[in-house]
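Have a look at the structure below, then the notes.
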Amino acid sequence: MGRSTKSQQLRSLIRMLADASEVIIKEWESEDFSSSDLPTAPLPSPELFEARRVMVGALGMCLDLVQEPAVRLTDISCAHFTARALHVAAYARVSDILADADPVEGMSVKVISQKTGIGEQKLTRVLRTLCSIHIFSEVKDDHFANNRASQCLVKNEYLRAWILLHGLEVYTASDKLLPLLLDSVKSKSTSARVTAFADGIGTDQTAWEYLEEEVKGPDGVLAPRPSLELWSLAMVGGGHTFASGIYNDYPWEALGSSTIVDVGGGAGGTSLDLSKMFPSLHFVVEDLSKTIQKAEGVWGRENPEAIKSGRVKLLPSDFFEEQPVKGAEVYLLRHVLHDWPDDECVTILANQRAAMGPGSIILVAEHAINTTVGSPRLKRAPPPLPPNYGYAHQWGNVHDLVMMAVHNGMERTPEMLDSLAKRAGLKVTRMWECRGVIAIAELHIDEYSPE
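Each number in my numbering comes from the position in the sequence shown (counting from 1) with 98 added on.
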């Protein structure tokens, strides 16, 4: 890129940043942000959401323009240590400890060290690494306090679990991804048993088989694997972080009193939220028997009346087998397909197709991967940003690698989903981009495709 082109691009980005900043400031000034530091922030308006991702994308592009390439590559190559610092802070509950600190005076690292059991010098260096990227604040030498980012972790077990999820088995899987990809046999495998996750923990099980396996505790009694509880909490934390847009940006109210079959719905968190927001809807939450047993406890606490009235049913089911609920108006698959390779996804979709009635639809709620080339099904970023908003889209790509490492699954582009749907005798008729990283694709039976 020539010097004049770089200059023009930087000026264009600066104008873009200025315009986006004014939108954000206007939103800040017009909204009640009294609860902005709570773990779950309010859903941004469409204008604020767009301005944010334009700004983040532009800032990422500015970084690429102004930072020396070798320095930038070095930063990226060491980013796993930055993540590790956050894992340490989350594991040691530093945010909770600092909740009692004076925000001006902070808490001495000596006290934090005593409470965490981590050596003072090493803990100081971990926290300073995070302070440099605006997580925690060093208010004076060796004294630390929470800031806007770290405050989110205070007494927030769901977010803490979500952070730690990526710092335990998933982190180990990332370490094993390089040798797996360089293995000429394993790199071509699509088996959910041949993964970096399996290599990292030394098993031939799938990730779900490993997590759901009972293990002997210190007393010799079989009990659920300890990490299963962390994963369960983390799924809620991830939902709180990214999923709120799906409740507002898809026209659920237009479904009236329809029955939604929540396929592979876990404890039914999505259905639980929707059941409270849209009281006319009916739900059938499906998952494996052990998961449904847990779901009974969740619904008994959170919405027992829905179970008692029959508006919500909890049904043991395996989405690799025949769908037991026939002719429902909606079959919902939220974060199901991304766990599986293509052939398994086709089986899951085909099983739902076989149960569909003439007016049934399938809703697939997943990350929608956009590329720097763009997709006609997804909104295109304004130039000079790449069509997928660049840096603002990177989480989708990173999570795609997580799916690769853990399940041999993937986050898919709209075109990839189109291909899966076609193989299952379905067609994608519409896609809703939600505020966040999730999109909802609506699938109908393809009448011109053989069953």
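By construction, the Cβ of each residue, glycine as well, lies at the ideal position given by its N, Cα and C atoms. Predicted model only: the values in this text are computed from it and were never measured.
Item, Value
"Proximity to glutamate 322 [Cα-Cα], best of Leu309, Ala332, Met333 and Pro316", "Sequence check: residue 322 is proline here, not glutamate. Minimum Cα distance to proline 322 is reached at Leu309."
"Alpha-carbon spacing of leucine 161 relative to arginine 109, whole angstroms", "13 Å"
"First through last residue of the beta strand (DSSP E) which encompasses alanine 243", "241-243"
"Coil, strand or helix - histidine 433 by DSSP", "coil"
"Rounded separation between valine 207 and valine 192 - CA only", "11 Å"
"N-terminal and C-terminal residue of the alpha helix (DSSP H) that aspartate 297 is part of", "294-299"
"Assigned secondary structure, leucine 412 (DSSP; H/G/I helix, E/B strand, else coil)", "strand"
"Environment of serine 134 [buried if 16+ CB atoms lie within 10 Å]", "A caution first: serine 134 carries a pLDDT of 46, below 50, which makes its placement in the model too unreliable to give a value."
"Cβ neighbour criterion (16 or more within 10 Å) applied to proline 277", "exposed"
"Terminal residues of the alpha helix (DSSP H) in which phenylalanine 147 lies", "144-164"
"Residue burial classification, tyrosine 489 (beta-carbon count within 10 angstroms, cutoff 16)", "buried"
"Opening and closing residue of the beta strand (DSSP E) in which tryptophan 438 lies", "Tryptophan 438 -> no beta strand (DSSP E), and no H or E assigned at all."
"Cβ neighbours of leucine 228 in the same chain (closer than 7 Å, five flanking residues each side left out)", "Ala183, Leu184, Ala187 and Phe234"
"Alpha carbon of proline 414 to alpha carbon of glutamate 384, nearest angstrom", "6 Å"
"Per DSSP, cross-strand counterpart(s) of lysine 525", "His542"
"Span of the alpha helix (DSSP H) around aspartate 371", "367-375"
"Minimum length 4: unbroken alpha helix (DSSP H) runs contained in the segment 164-240", "167-175, 177-189, 192-196, 207-214 and 218-229"
"Leucine 461 (DSSP reduced to helix, strand or coil)", "strand"
"Serine 285, buried or exposed, once every other Cβ within 10 Å from all chains shown has been counted against 16", "exposed"
"Element boundaries [beta strand (DSSP E), containing glutamate 125]", "Per DSSP, glutamate 125 belongs to no beta strand (DSSP E); it is in the alpha helix (DSSP H), 101-128."
"Three-way DSSP call (helix, strand, coil) for lysine 314 in this model", "strand"
"For aspartate 498, the three-state DSSP class (helix, strand or coil)", "helix"
"The segment 357-376 touching the segment 320-337, judged by at least three CB pairs closer than 8 Å", "yes"
"Buried/exposed call for arginine 101, threshold 16 Cβ in 10 Å", "exposed"
"Nearest neighbour of phenylalanine 147, chosen from Lys374, Val410, Leu111 and Trp126 [CA to CA]", "Trp126"
"Reduced DSSP category for histidine 380 - H, G, I as helix; E, B as strand; rest coil", "strand"
"Closest by C-alpha distance to glycine 408, when choosing among Val202, Phe418, Arg291 and Leu379", "Leu379"
"C-beta atoms of histidine 338 and tyrosine 256 nearer than 8 Å", "yes"
"Helix, strand or coil at valine 614 according to DSSP, with G and I counted as helix", "Absent from the model: residue 614. The displayed extent of the chain is 99 to 549, so no value can be given."
"8 Å contact criterion, which asparagine 244 and leucine 320 should meet: CB distance rounded", "Rounded, the Cβ-Cβ distance is 40 Å, inconsistent with contact."
"Segment contact flag, the segment 430-447 with the segment 466-475, C-beta cutoff 8 Å, min 3 pairs", "no"
"Short Cβ contact (8 Å threshold) for histidine 433 with glutamate 400", "no"
"Leucine 136, buried or exposed, once every other Cβ within 10 Å from all chains shown has been counted against 16", "Note on leucine 136: pLDDT 43, under 50, position unreliable in the model; no value is reported."
"Opposing strand residues paired with glutamate 531 [DSSP bridges]", "Ala537"
"Contact under 8 Å by Cβ, glutamine 107 with proline 482", "yes"
"7 Å Cβ shell around aspartate 302 - same chain, five flanking residues per side excluded", "Arg291 and Ala296"
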